[in-house]
Ligand code: ATP
Ligand code: MG
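Numbering (this note's numbering), first residue to last: 1 to 383.
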């Protein structure tokens, strides 16, 4: 008998002729997250089977697989050569802590002489004999013992399906450049696009020495957490100091934020072109702060031509926080280091910027030179 992990995919099943492409990408991603383990990965009958790993590593491997986008669910199973006696023997050793159970037998191998229902009854008897305080409940059992008798001569026995992250394999839906602050929202935004198969790279603006080196380090640590899902992330760290100083010196401070954001977008578009990204991603959510009113978003959006994805646009902060906790970025995001958006902050930022006023303020800056300078400060970190 051998312990294996069965991995099932979800939405890829809906793909037609190019399904092979998605399956291949998913397999590569699985191999990548498990590259440090000695094990075997095979595609067996529309799913992946991980085997020949050290049994003490099972939990660790399961945790890694749960984060691979494209996988729908997995289960840890015992695999053995199909034989009635072997199945009943194994059932007779099962110890359950639950109060109710049922046995589900799937008999794909019609050479196996006993029908599914009858076999389930026989297996159930064995389990009842060995577990005194348990009963069968076919409608609402606490645990399901699944016995899968496959056509290839193997039987798999497992207890529970563990839900995985779902989505599509990273690397199958283009590349996005995520504006990654140190806050709660942007890591969640990146997570959602990676979930749809996008390769996500990060762009962080820092304003050293106005912002600290710890603030920069925090963003690198956030990217590392995200990389469990995003795989092969690259983080571009650019200096925004000069931009902020110039705006501060030359422009009406009430327009600080909108001016900054329009420059951030221009820089993001240029960097996207350089690295072959097809979209910009932000963590904006409608009406959350002054820079996220519809008027502000319109004014920032209008400086770029490429698509800007804002997956959190309709999210309440509490919804986002819940996901940030689930994906493990929350605790890092709430560390109290300043972001460049919080320095030089005006008392009364405009919430409904008029485009003519914005252009008037921008005329006081050499935007092109600022964008170029900013891009030249690019420091790339392979996460
Ligand atoms: P977050 O929690 O992601 O910081 P927020 O609610 O604090 O978002 P803002 O500070 O207005 O909102 O930022 C809106 C979006 O702009 C962020 O989600 C992020 O995508 C981008 N952004 C903000 N600051 C930076 C930065 N220093 N570097 C890169 N992108 C940034
Ligand atoms: Mg922020």
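Idealized CB from N, CA, C, for every residue including glycine. Please read all numbers here as calculations on a predicted model, not as lab measurements.
Per-residue burial, residue i [other beta carbons within 10 Å of its own, 16 or more giving buried]
i, result
"residue 227", "buried"
"residue 334", "exposed"
"residue 216", "buried"
"residue 9", "buried"
"residue 350", "buried"
"residue 183", "buried"
"residue 355", "exposed"
"residue 353", "buried"
"residue 248", "exposed"
"residue 322", "exposed"
"residue 360", "exposed"
"residue 246", "buried"
"residue 16", "exposed"
"residue 1", "exposed"
"residue 308", "buried"
"residue 199", "buried"
"residue 50", "buried"
"residue 45", "exposed"
"residue 189", "buried"
Pick from the options that is closest to residue i, judged by C-alpha positions
i, options, result
"residue 365", "243, 332 and 337", "243"
"residue 219", "283, 187, 210 and 230", "187"
"residue 303", "169, 370, 373 and 262", "262"
"residue 207", "25, 374 and 11", "374"
"residue 210", "27, 53, 49 and 343", "343"
"residue 168", "311, 259, 19 and 310", "19"
"residue 256", "41, 22, 107 and 296", "296"
"residue 31", "71, 368, 56 and 246", "71"
"residue 385", "59, 16, 87 and 4", "Only positions 1 to 383 of the chain appear in this structure, which leaves residue 385 out of reach."
"residue 230", "152, 193 and 301", "193"
"residue 76", "86, 29, 56 and 212", "56"
"residue 264", "250, 73 and 240", "240"
"residue 171", "260, 381, 376 and 22", "22"
"residue 276", "201, 253 and 357", "201"
"residue 97", "132, 43 and 73", "132"
"residue 120", "213, 151 and 144", "144"
"residue 331", "50, 185 and 177", "185"
"residue 99", "40, 191, 235 and 127", "127"
"residue 73", "380, 28 and 161", "161"
"residue 380", "289, 306 and 271", "271"
"residue 116", "129, 130 and 146", "146"
"residue 41", "69, 7 and 59", "7"
"residue 289", "45, 258 and 306", "258"
"residue 382", "235, 376 and 305", "235"
"residue 177", "69, 376 and 306", "306"
"residue 114", "68, 253 and 85", "85"
Rounded straight-line distance, which links the Cα of residue j to that of residue i
i, j, result
"residue 197", "residue 37", "25 Å"
"residue 221", "residue 180", "12 Å"
"residue 163", "residue 66", "7 Å"
"residue 203", "residue 101", "50 Å"
"residue 278", "residue 174", "6 Å"
"residue 25", "residue 347", "50 Å"
"residue 125", "residue 61", "33 Å"
"residue 166", "residue 53", "24 Å"
"residue 378", "residue 233", "15 Å"
"residue 338", "residue 64", "32 Å"
"residue 267", "residue 367", "10 Å"
"residue 291", "residue 301", "11 Å"
"residue 205", "residue 237", "6 Å"
"residue 363", "residue 318", "39 Å"
"residue 122", "residue 153", "20 Å"
"residue 269", "residue 372", "12 Å"
"residue 299", "residue 293", "10 Å"
"residue 109", "residue 149", "6 Å"
"residue 357", "residue 260", "14 Å"
"residue 273", "residue 280", "11 Å"
"residue 336", "residue 142", "43 Å"
"residue 112", "residue 87", "12 Å"
"residue 345", "residue 195", "34 Å"
"residue 251", "residue 191", "36 Å"
"residue 107", "residue 59", "29 Å"
"residue 105", "residue 29", "32 Å"
Check: residue i C-beta below 8 Å from any heavy atom of the ligand ADP
i, result
"residue 189", "Among the ligands present in this structure, namely the ligand ATP and the ligand MG, the ligand ADP is not found."
Next item on the list: Pair every Cβ in the stretch 147 to 160 with every Cβ in the stretch 78 to 96, then say whether three or more of these pairs are closer than 8 Å.
Entry: They touch, by the three-pair rule.
*asked:* With a threshold of 8 Å, are at least 3 pairs of Cβ atoms found where one atom belongs to the stretch 10 to 19 and the other to the stretch 88 to 103?
replied: No, the stretch 10 to 19 is not in contact with the stretch 88 to 103.
- Query: Do the stretch 224 to 238 and the stretch 318 to 329 meet, that is, are 3 or more Cβ pairs less than 8 Å apart?
  - Reply: Yes, they touch.
| said: Is it the case that the stretch 135 to 155 contacts the stretch 23 to 42, given that we only count it when at least three CB pairs across the two stretches are under 8 Å? | reply: Two segments are said to touch when three or more pairs of C-beta atoms, one from each, lie closer than 8 Å; by this definition the stretch 23 to 42 does not touch the stretch 135 to 155.
**Message:** Using 8 Å as the cut-off, can you tell me whether the stretch 297 to 316 makes contact with the stretch 282 to 289, which would need three or more C-beta pairs spanning the two stretches below that distance?
**Reply:** Counting C-beta pairs closer than 8 Å gives three or more between the stretch 297 to 316 and the stretch 282 to 289, which meets the contact rule.
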